[in-house]
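Chemist: In the UniProt record's numbering, the protein residues as written are 1 to 684. Just so it is clear, CB atoms sit at the ideal spot from N, CA and C, and this is done for glycine as well. Every value quoted in this text rests on a predicted model; they were computed, and no experiment measured them. A single structure is presented below for examination.
Structure follows, in structure tokens:
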């Protein structure tokens, strides 16, 4: 069956019915196409006619086109047996498909092949290949056409990474286009996804919905490589790592199902590669996260959380749950490093923008942790920005949960993203819409079968439409526009009414004949004080806001930490930024738990969780000429930081870094007074 695009079919239909076109311009106007496309389609038709041993289209003097009756009949036969496709690939999508075709090596590829497949001009394909050469060493010769010279391991990894980018971008139509070109049976994907879901019972782990879809698509492509006798090679150490894990046993069990799907045996060697892929996919749940092989990773994760708490002044009540979630995630990152698979959901690009404070705190935590021997053992080459963003998501989700109050709600989330993204999405929407009930978070494959009626379905899949209620599309990472739309989805009639109309309705419904009763007065007062909730944006706080001399102290020496805390706390207590309980918790953290946040040599930061009695960000400082020794550290400068629920104190942490790396400390050593040195460094 021929695959012809809609515009080309229109061109053929017009030409076969008229037999003669007076000019290229007339044909372009009739088909609604450009003159350039008419020239291209005419050349394409010439090629098709030559294949059936018919003469090419006759060009009249002056630009007209003429075909005979035999040619017209052949064109009509092609149209009758053709399968048209409406979807037109974007430039980026076309280049992804082109890259995959070269990687798959289904046949020898030449320029003419790509021109016919994508139905574009020669210049367009040349540009596409030039773009691909910027990131890959694309070679070509007459014997092999366009090809990439690499090992089978690397080739498959590159195929998987392109499939992942394609899938995360919501390009299902792009994969469908590739499937048509490669003659893949997309009906097999459902069976492959079911086989992958069966492995979860062996693993006692839950794989995210998107990863299941991408794995199934990749296995469909890898089957072609396997059929051609191409299998990855492994080092002995890599084989041991894979075969020691449950993922290998799960992949080995899955082979029998895969063999049934493809109706032919799958070589045992493929179990190693599928096992490696299962190690490298995102897990929502991992029942083995505390198993003996991963005790060190649990220890590393606990250290991560501890450092984050020390830097931020936020202490998590559900700390054990946060450690479990992060450890499950960094285990996957570790395996991706081991097997050199670079997969990052595109949404992580948005994390550093939408959750800038938490991202920067996580980045600072990783910098602090980098000399740790465990970190060096598992992540010798460090973490990329996107990997840091992925870890930051867990901290953001935990913080939002800590700041949220449980409230009734009524809606569902439909998303195939990982559990941490879906959970963060749910918690944020609860903050925006506390009056609604969350019935659950469901993958796109399960959601259509839900029986309960719901009012709203929030989904990250732009192609999904729920059977009941209103479907609302959002990004996996909520943008400000998403928040505004969600906030306005459910308004009662009273909220839509103006204040004057509300008052008229209230007075009309009142049964009061004399002086209004207290209940009516309360309702009227509430009407004028109750304003629509809005998405809260905390004001930006900077060090410059605290250029007040009464916040800075200098002493020759101090006798005890209690004296230090008492001195630093007074101006903050007077301003009602903190309570005495906040200082008592700091004293406990430092003296009992020995939590010291050393910002710089001789500089200690004193702060703790805002829930201990801190309401507004603030700073006070004490400089002592004679160093005070605490837990083996000599301290000359004490900085007290008041923390706040909305994390408006976080920017001050980064400003303090800048301050201490400036001439500030040098000025203190040279005898400049503390407040004067602060003014000189912070400026006006």
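Which of the three DSSP states, helix, strand or coil, is assigned to residue 164?
Modeler: helix
Chemist: How long is the line joining the alpha carbons of residue 115 and residue 437, rounded to whole angstroms?
Modeler: 53 Å
Chemist: Across which residues does DSSP place residue 141 in a beta bridge pair?
Modeler: 145
Chemist: Where are the alpha helix (DSSP H) runs, 4 residues long or more, that stay fully inside the UniProt domain "PTS EIIA type-2" (545 to 684), in chain order?
Modeler: Fully enclosed alpha helix (DSSP H) runs of no fewer than 4 residues occupy 561 to 574, 580 to 591, 650 to 660, 664 to 669, 674 to 682 of the UniProt domain "PTS EIIA type-2" (545 to 684), in order along the chain.
Chemist: Per DSSP, what are the beta-bridge partners of residue 59 in this structure?
Modeler: According to DSSP, which records beta bridges pairwise, residue 59 is partnered with 65.
Chemist: Touch check for the region 664 to 676 and the region 327 to 345: three-plus C-beta pairs under 8 Å?
Modeler: No, they do not touch.
Chemist: Leaving out five residues before and five after residue 35 in sequence, what residues of the same chain have Cβ atoms less than 8 Å from its Cβ?
Modeler: So the list reads 24, 25, 28, once near-sequence residues are dropped.
Chemist: Helix or strand or just coil, what does DSSP make of residue 119?
Modeler: In the structure shown, residue 119 falls within a coil segment according to DSSP collapsed to helix, strand and coil.
Chemist: Just to check my reading of the structure: residue 281 and residue 476 have Cβ atoms closer than 8 Å, yes? What is that Cβ distance to the nearest angstrom?
Modeler: 17 Å between Cβ atoms; not a contact.
Chemist: Taking the C-alpha atoms as reference points, what is the distance between residue 150 and residue 278?
Modeler: 23 Å
Chemist: Are three or more beta carbon pairs between the region 6 to 25 and the region 57 to 70 nearer than 8 Å?
Modeler: yes
Chemist: Would you be able to state if there are at least three C-beta pairs under 8 Å between the region 412 to 420 and the region 439 to 448?
Modeler: yes
Chemist: Does the distance from the C-beta atom of residue 389 to that of residue 329 stay below 9 Å?
Modeler: no
Chemist: Just how far apart, CA to CA, sit residue 12 and residue 134?
Modeler: 37 Å
Chemist: As a quick exercise: from 602, 138, 100, pick the residue whose alpha carbon is nearest that of residue 179.
Modeler: 100
Chemist: Give me, in chain order, the residues of the same chain whose beta-carbon lies closer than 8 Å to that of residue 140; leave out the 5 immediate sequence neighbours on both sides.
Modeler: 146, 147
Chemist: Following the continuous beta strand (DSSP E) through residue 439, name the residue where it begins and the one where it ends.
Modeler: 437 to 442
Chemist: Alpha carbon to alpha carbon, what distance is there between residue 10 and residue 105?
Modeler: 33 Å
Chemist: Per DSSP, what kind of secondary structure is residue 205 in: helix, strand or coil?
Modeler: strand
Chemist: Using DSSP bridges, identify the partner residues of residue 473.
Modeler: 459
Chemist: Taking the alpha-carbon positions, what's the residue 482 to residue 456 distance?
Modeler: 14 Å
Chemist: By the three-class DSSP mapping on this structure, what secondary structure does residue 416 have?
Modeler: coil
Chemist: Could you work out which residue in 152, 212, 249 is closest to residue 228 when comparing CA atoms only?
Modeler: 152
Chemist: In terms of residues, what are the limits of the alpha helix (DSSP H) holding residue 364?
Modeler: 356 to 369
Chemist: So, for residue 584: in the same chain, excluding its five sequence neighbours on each side, which residues have a beta-carbon less than 7 Å away from its beta-carbon?
Modeler: none
Chemist: Considering residue 385, what are the terminal residues of the alpha helix (DSSP H) in which it resides?
Modeler: 385 to 403
Chemist: Rounded to whole angstroms, what is the Cα-Cα separation between residue 93 and residue 103?
Modeler: 15 Å
Chemist: With 16 other CB atoms within 10 Å as the buried threshold, where does residue 634 fall?
Modeler: exposed
Chemist: Is it buried or exposed for residue 355, if we count other Cβ within 10 angstroms and need 16 for buried?
Modeler: Counting Cβ neighbours within 10 Å, residue 355 comes out buried, since at least 16 surround it.
Chemist: Roughly how many angstroms lie between the CA atoms of residue 399 and residue 162, to the nearest whole one?
Modeler: Rounded to whole angstroms, the gap between the alpha carbons of residue 399 and residue 162 is 34 Å.
Chemist: Leaving aside the five residues before and after residue 567 along the sequence, list all residues of the same chain whose C-beta is less than 7 Å from its C-beta, in chain order.
Modeler: 553, 622
Chemist: Could you check whether residue 357 and residue 647 sit closer than 9 Å to each other, using their CB atoms as the reference points?
Modeler: yes
Chemist: Compare the Cα-Cα distances from residue 6 to each of 237, 368, 119 and report the closest residue.
Modeler: Of the candidates 237, 368, 119, the one whose C-alpha sits nearest the C-alpha of residue 6 is 119.
Chemist: What do you reckon, are the CB atoms on residue 210 and residue 479 nearer than 9 Å?
Modeler: no
Chemist: State the Cα-Cα distance for the pair residue 578 and residue 299, rounded to the nearest angstrom.
Modeler: Going by the C-alpha atoms only, they are around 34 Å apart.
Chemist: Provide the residue span of the alpha helix (DSSP H) that contains residue 97, from first to last.
Modeler: Bounds of the alpha helix (DSSP H) holding residue 97 are 91 to 104.
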